[in-house]
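Input: a single structure, listed below in structure tokens.
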Amino acid sequence: MLKLPLSRRAFLASTTALVAANMVGFSPDLMAATPKSGGTLRLAVNETIDTFDPFTTNATIVRTMHSHIFESLYTYDGKYGLIPELAAGHSVSDDGKVWTFTIIEGARFHDGSVLEAEDVAATWARFMKISPRAATLGGNVTSVKAAGKDSVVFEFSSDPGPFLEKISTPHSAFKILPRAIAQAAMDRPLEDGEIIGTGPFLLKAWKRGESLTMGRFDDYRVDERYTGADGLGGRRTAHVDEVVWTFISEAGAQEAGLKTDRFDFADNVPIEMRGSLESTAGYSGTVVKPLNWLNMMVNHHNPPLDDVRIRRAIQIGIDQALVMVGTIGDPDLIRLSPGLAFEEQVWFSRAGDQYYNKNAKDEARKLISDAGYANQEIVLMTTRTISNLYKSAVIIQQELQGLGLNVRLEVLDWGALLAHVSKDELRPKWHLSSMEHSIRHDPYGWDLNFRTDKWTPYANPAMDAALDKIARLRDFGQRKEAFETVQTIFHEDVVNIKCGDYFAWHAHRSHVKGYKNFNGYVFWDVWLDA
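Going by mature numbering (1 follows the signal peptide of the UniProt record, and there is no 0), the letters in the sequence shown line up with residues -32 to -1, 1 to 498, in that order.
Structure below.
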């Protein structure tokens, strides 16, 4: 049985008291310091890479790394809104079928060539040829042509809706390449010498399975439209001479490397070390937020969970604080919030929060009784592959048994769990499944999860209609209203059950200044005070 280190009351008190502490990485002293130039930033990172082509993978570590080297027309700011990057701006025709992008002046690629509209057009041609997301993102694009050196025109068969949001997300990776490289590598992965972008760092060396070294790009066009870095864009500055990414997954080796001065930064030092490390002179850390949220999937087609009263009883009867602190352990690394989007995002809403974090056990038991529940077995799937999913499932099982529900834990490997979730013939075998969700840069990312029987065994035409609006509209206000409808239905129908947000923690030496995390590592604007 899991030991739950804090009561609900103690958890709520501690998280209230530690709100200010959660703003790690944004201290006034750090912001007031004058950055120094030079030095090598040495990183220990948990994952390795086997490709660095931004068009052929959406692996988290790769998209994190290539944001330092490549740039897009637009990118996401710190609130997950769009800001121009390589585009000076854009216009859209009245019928939505013609989009004209103006390219900024003075941007250079790492090979010395000047960015022009032809580079964008050639990059799009390669993107459509080789990217696995091409059909999804560019299916109604009929042509992309340069109109002079500084304008590129996209034509569509119909209004593409939030096209800009889709091609700007790091998962899509429409990163601009020199036209010569895009044309030469039209139907094959980029070679090492072709990893050429316009970003503040350039590729210097890549030892597969061991390390990757980036160097400062001295001819980088610092974006003077902004006063500072903002999310993945803004006024980005490379202060260090080099960034060396060493691929080392073993947590103990990362910790030892940090303590022996082999590394300046480590992303996989055990969270349990946070208190002792941050209280030791010469060491510090950064809370990585937002990150993920814990979730419990609900199979609406499998009795007794086809009855909303049973689903509601589970939703309001669970002590979310108990689940979150028992799973994550560190109160600084969790947050109770009803939003599908995180509080840091422009899309955040509290819609449906009347159903969230109620811990109303008597009310839940009455709903179970009113539904005529006859002790039918409820199967809660989980996996030990992802420890947070297993730990949360054990606590949720205990909570539901306390409400009088007959819940059996079914422990599967990760692949088998995904098969049970997605395959129609296996869906009768389960009722609930522990799961987690990562950041969606834009609400269109929820289409997969909540549309009729696409992922969650669930169907509601009203949900589909709201998702259709998000996928069709371009106006932010209208799209946010539709997303609030999605979130309202999510809680009212008990589509899934959100447990809470959780964060990560990265350890580093105290001479590392300016480190922030934005859905991945951000090492521009980082400097060494050594």
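Backbone N, C-alpha and C fix where the C-beta goes; we use that ideal spot for every residue, glycine too. In this text the structure is predicted, and so the values were computed from the model without any measurement.
Other residues of its chain near residue i: CB distance less than 6 Å, five sequence neighbours each side excluded
{"i": "E84", "result": "K117"}
{"i": "I163", "result": "F20 and L171"}
{"i": "Y188", "result": "P168"}
{"i": "S125", "result": "N108 and T110"}
{"i": "T453", "result": "A434"}
{"i": "P3", "result": "H207 and W495"}
{"i": "M(-10)", "result": "Note that M(-10) scores a pLDDT of 37, beneath 50, so its modelled location is shaky and nothing firm can be said."}
{"i": "G6", "result": "D209"}
{"i": "A90", "result": "R147, A150 and Q151"}
{"i": "D127", "result": "G64"}
{"i": "V120", "result": "F69, A85, V88, A89 and A114"}
{"i": "F471", "result": "V255, V256, K257, L259 and L301"}
{"i": "Y358", "result": "T350 and R352"}
Same chain only: Cβ atoms within 7 Å of residue i, ignoring 5 sequence neighbours per side
{"i": "K422", "result": "L416"}
{"i": "D198", "result": "D45, G46 and I51"}
{"i": "P396", "result": "N270"}
{"i": "D(-4)", "result": "Its pLDDT being 42, under 50, D(-4) is placed unreliably in this model, and the value from its coordinates should be taken loosely. Within the same chain, D(-4) has no close Cβ partners at all."}
{"i": "S81", "result": "P146"}
{"i": "N14", "result": "S217, D235 and N236"}
{"i": "G177", "result": "T16 and F215"}
{"i": "E53", "result": "E39, S40, L41, Y42, T43 and G201"}
{"i": "F310", "result": "P258, F316, I407 and D469"}
Buried or exposed (CB count within 10 angstroms, at least 16 for buried), residue i
{"i": "residue 508", "result": "The requested residue 508 is not part of the displayed model; the chain covers only -32 to 498."}
{"i": "P138", "result": "buried"}
{"i": "G225", "result": "buried"}
{"i": "S40", "result": "buried"}
{"i": "A1", "result": "exposed"}
{"i": "G445", "result": "exposed"}
{"i": "D410", "result": "buried"}
{"i": "R156", "result": "exposed"}
{"i": "A103", "result": "exposed"}
{"i": "G468", "result": "buried"}
{"i": "K175", "result": "exposed"}
{"i": "G(-8)", "result": "Its pLDDT being 39, under 50, G(-8) is placed unreliably by the model, and nothing is read from it."}
{"i": "Q455", "result": "buried"}
{"i": "E159", "result": "exposed"}
{"i": "L394", "result": "exposed"}
{"i": "R280", "result": "buried"}
{"i": "K391", "result": "exposed"}
{"i": "E133", "result": "buried"}
{"i": "Q322", "result": "exposed"}
{"i": "G383", "result": "exposed"}
{"i": "R204", "result": "buried"}
{"i": "M154", "result": "exposed"}
{"i": "V256", "result": "buried"}
{"i": "R193", "result": "exposed"}
{"i": "V30", "result": "buried"}
{"i": "V212", "result": "buried"}
{"i": "T228", "result": "exposed"}
{"i": "A498", "result": "exposed"}
{"i": "T424", "result": "buried"}
{"i": "A55", "result": "buried"}
Bridge-paired residues (DSSP) for residue i
{"i": "H405", "result": "W261"}
{"i": "M349", "result": "E378 and S401"}
{"i": "D469", "result": "W261 and R303"}
{"i": "A254", "result": "Note on residue identity: the sequence assigns Thr, not Ala, to residue 254. DSSP, once it has assigned bridges, lists H474 as partnering T254."}
{"i": "P52", "result": "Y42"}
{"i": "residue 499", "result": "The first residue shown for the chain is -32 and the last is 498, placing residue 499 beyond what the model contains."}
{"i": "E210", "result": "T8 and G183"}
{"i": "residue 555", "result": "Not covered by the structure: residue 555. The range shown for the chain is -32 to 498."}
{"i": "S119", "result": "T70"}
{"i": "A197", "result": "G202"}
{"i": "R76", "result": "V82"}
{"i": "L368", "result": "Note: L368 sits in no beta bridge, so no partner."}
{"i": "F233", "result": "L11 and H476"}
{"i": "K484", "result": "V490"}
Chain-order list of residues whose beta-carbon lies under 8 Å from that of residue i (same chain, five-residue window excluded)
{"i": "A152", "result": "E162"}
{"i": "L380", "result": "M349, T350, T351 and H388"}
{"i": "G165", "result": "H34, I37, F38, E39, F77, H78, K143, I144 and L145"}
heavy atom of the ligand HEM below 7 Å from residue i C-beta
{"i": "Y188", "result": "Questions concerning the ligand HEM fall outside what the structure shown contains, since it holds no ligand whatsoever."}
(message) For the segment 27 to 44 against the segment 128 to 147, do three or more pairs of beta-carbon atoms, one drawn from each stretch, fall closer than 8 Å, so that the two count as touching?
(response) Proximity of the segment 27 to 44 to the segment 128 to 147 meets the contact definition, three or more beta-carbon pairs being nearer than 8 Å.
(request) Check whether the segment 239 to 254 touches the segment 340 to 359, taking contact to mean three or more Cβ pairs, one atom from each stretch, closer than 8 Å. (result) Put simply, the segment 239 to 254 does not touch the segment 340 to 359. Fewer than three CB pairs are less than 8 Å apart.
(request) Would you mind listing the alpha helix (DSSP H) stretches within the segment 276 to 314 that are 4+ residues and don't spill past its ends, in chain order? (result) Runs of the alpha helix (DSSP H) lying entirely within the segment 276 to 314 and spanning at least 4 residues, in chain order: 276 to 285 and 288 to 296.
(message) Tell me whether the segment 284 to 301 and the segment 430 to 440 touch, counting them as touching only if at least three CB pairs, one residue from each stretch, are closer than 8 Å.
(response) Fewer than three Cβ pairs drawn from the segment 284 to 301 and the segment 430 to 440 lie within less than 8 Å of each other, which leaves the two stretches out of contact.
(message) Measuring CB atoms only, is the segment 291 to 305 touching the segment 452 to 468, in the sense that at least three cross pairs come out at less than 8 Å?
(response) Touching, per the Cβ criterion.
(message) So, does the segment 309 to 322 touch the segment 363 to 377, judging by three or more C-beta pairs under 8 Å?
(response) By the C-beta criterion, the segment 309 to 322 is judged not to be in contact with the segment 363 to 377, since fewer than 3 inter-stretch pairs fall below 8 Å.
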